[in-house]
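Report on one structure; see the data block that follows.
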Amino acid sequence: MDHLSFFWVSPDRDKYLRSLETEFYKRAVETVRVNRLTLPPLPDTILSIQRASQQADTTMRDIALLLMEDPSLSGAVLKAANSALFAPRATGQCKNIQTAVSRLGVDRVLGIITATAIYQLKSDAMFSRECNALLKHSAQRSREFAAAMALVTQTVRNYCDEPLAIEPEKALIVGLLADIGLYCVIGEFQRFVNQGHYLKFDIAEQVFFSLAGDCSRLVLKQWQFDRDFIEVAINNKLYTKPRPDITYLDVARMANHLLMFRRNDDAIEEHDVEITASGADALYELSNLDDHEFSRQLNQVIEASSI
Numbered sequence: 005m006d007h008l009s010f011f012w013v014s015p016d017r018d019k020y021l022r023s024l025e026t027e028f029y030k031r032a033v034e035t036v037r038v039n040r041l042t043l044p045p046l047p048d049t050i051l052s053i054q055r056a057s058q059q060a061d062t063t064m065r066d067i068a069l070l071l072m073e074d075p076s077l078s079g080a081v082l083k084a085a086n087s088a089l090f091a092p093r094a095t096g097q098c099k100n101i102q103t104a105v106s107r108l109g110v111d112r113v114l115g116i117i118t119a120t121a122i123y124q125l126k127s128d129a130m131f132s133r134e135c136n137a138l139l140k141h142s143a144q145r146s147r148e149f150a151a152a153m154a155l156v157t158q159t160v161r162n163y164c165d166e167p168l169a170i171e172p173e174k175a176l177i178v179g180l181l182a183d184i185g186l187y188c189v190i191g192e193f194q195r196f197v198n199q200g201h202y203l204k205f206d207i208a209e210q211v212f213f214s215l216a217g218d219c220s221r222l223v224l225k226q227w228q229f230d231r232d233f234i235e236v237a238i239n240n241k242l243y244t245k246p247r248p249d250i251t252y253l254d255v256a257r258m259a260n261h262l263l264m265f266r267r268n269d270d271a272i273e274e275h276d277v278e279i280t281a282s283g284a285d286a287l288y289e290l291s292n293l294d295d296h297e298f299s300r301q302l303n304q305v306i307e308a309s310s311i
């Protein structure tokens, strides 16, 4: 399975090959090719902040005022601003939105509120019973993948004497948004079915998994997320300039490897990870934790993030 956040999916080659012959697959591929994909519905507050963040004269106060229009998203940002993961060096409790936005920065605020909204969107999906169940499962597994990315980043930093270009809090958000395209391709399937077509769900699933990366790329690009997010979503390098010693894609591949290892997935034998010396040390340490301790550390990351 090429998509890194689908560590929980067991590939079925026969069903995958059958899915490539379906009308739904052909339609979905064409939809992606001509960029007609329907984006996930986001709250108006997020869309307003997205637009405002592209304006050179937008201030932190402007972002805070927009954010305050949505109490739920405001609460998520306040929690993050007071969390150990997003504000490890902050002194004193953050009690107002403008301070929270200033503490986190606009990019991080956008990541937090988008990830929060997408988690809720997956959890409260209104498609068919089978599609809803798949999205709810994806919501939970995305958190696990994201937490593993943050944990890997923290551990790598412990073994590296030099400053790194990767941050645990960004790694978490990158992981949470990596499979956003799954929601989009399921939406395409629901429209396909509503038009009177039929396709067995287990075959349609293979289309979901095979096209989710391309769909994620389109969504993340439309929402102005940077290359780090897109690289992880498509599991491919995009940088043309010299790359940092370790990137978020490297971290995602390490996290995927760890989670496959925990599942005793046979496919791990075909899974190569290119890593630095500090990355190798981190992977060795995390691989040697027992299941209970590994789960405890993942949960600790999730609790520390407040997402």
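So the sequence shown is numbered by my numbering: it starts at 5 and just counts up by one.
Idealized CB from N, CA, C, for every residue including glycine.
Quick caveat, the model's predicted, so the values are computed rather than measured.
Quick one, are the C-beta atoms of residue i and residue j less than 7 Å apart?
| i | j | result |
| --- | --- | --- |
| GLY185 | SER220 | yes |
| GLU25 | THR49 | no |
| ALA121 | LEU46 | yes |
| LEU224 | GLU235 | no |
| ALA137 | HIS7 | no |
| LEU181 | ALA119 | yes |
| VAL211 | PHE10 | no |
| VAL156 | ALA237 | no |
| LEU114 | GLU173 | no |
If I measure Cβ to Cβ from residue i and keep anything under 6 Å in the same chain, skipping five residues before and after, which residues do I get?
| i | result |
| --- | --- |
| MET5 | Here the model assigns MET5 a pLDDT of 49, short of 50, so the residue's position is not dependable, and the following value carries that caveat. For MET5, where only same-chain residues beyond five positions count, the Cβ hits under 6 Å are VAL13, PRO15. |
| ALA151 | LEU302, VAL305, ILE306 |
| PHE193 | ALA208 |
| ARG145 | TRP12 |
| VAL160 | SER282, GLY283, ALA286 |
| ASN101 | Strictly speaking, residue 101 in this sequence is Ile, with Asn absent from that position. If we look at ILE101 and ignore the five residues flanking it on each side, its Cβ neighbours are ALA68, LEU71, MET72, SER78. |
| GLU297 | none |
Apply the 10 Å Cβ neighbour rule to residue i and answer buried if 16 or more other Cβ atoms are within range, or exposed otherwise.
| i | result |
| --- | --- |
| LEU253 | buried |
| LYS166 | Here residue 166 turns out to be Glu, not Lys, going by the sequence shown. Per the 10 Å Cβ criterion, exposed. |
| ARG300 | exposed |
| GLU134 | exposed |
| LEU21 | exposed |
| ALA60 | exposed |
How big is the Cα-Cα spacing for residue i and residue j?
| i | j | result |
| --- | --- | --- |
| GLY179 | GLU289 | 21 Å |
| ILE177 | ILE116 | 7 Å |
| ASP295 | LEU263 | 11 Å |
| SER310 | LEU77 | 12 Å |
| CYS98 | LEU69 | 16 Å |
| LYS140 | TYR123 | 9 Å |
| VAL255 | GLY200 | 43 Å |
| VAL81 | LYS126 | 20 Å |
| LEU41 | ASP218 | 10 Å |
| LEU222 | ASN39 | 7 Å |
Could you pull out every residue in the same chain whose Cβ sits closer than 7 Å to the Cβ of residue i, ignoring the five residues on either side in sequence?
| i | result |
| --- | --- |
| PRO248 | ALA169 |
| CYS164 | SER282 |
| SER142 | LYS126, ASP183, LEU186 |
Starting from the C-beta of residue i, find all residues in its chain whose C-beta is less than 8 Å away, skip the five residues before and the five after it, and write them out in chain order.
| i | result |
| --- | --- |
| ASN162 | ALA286 |
Open item on the list: Does the segment 82-90 come into contact with the segment 103-119, if we say contact requires no fewer than three beta-carbon pairs (one atom in each stretch) closer than 8 Å?
Closed with: yes
- [ ] Would you be able to state if there are at least three C-beta pairs under 8 Å between the segment 56-70 and the segment 142-157?
- [x] no
Open item on the list: Can you confirm whether the segment 24-44 touches the segment 277-293 when touching is taken to mean that 3 or more C-beta pairs between the two stretches lie within less than 8 Å?
Closed with: no
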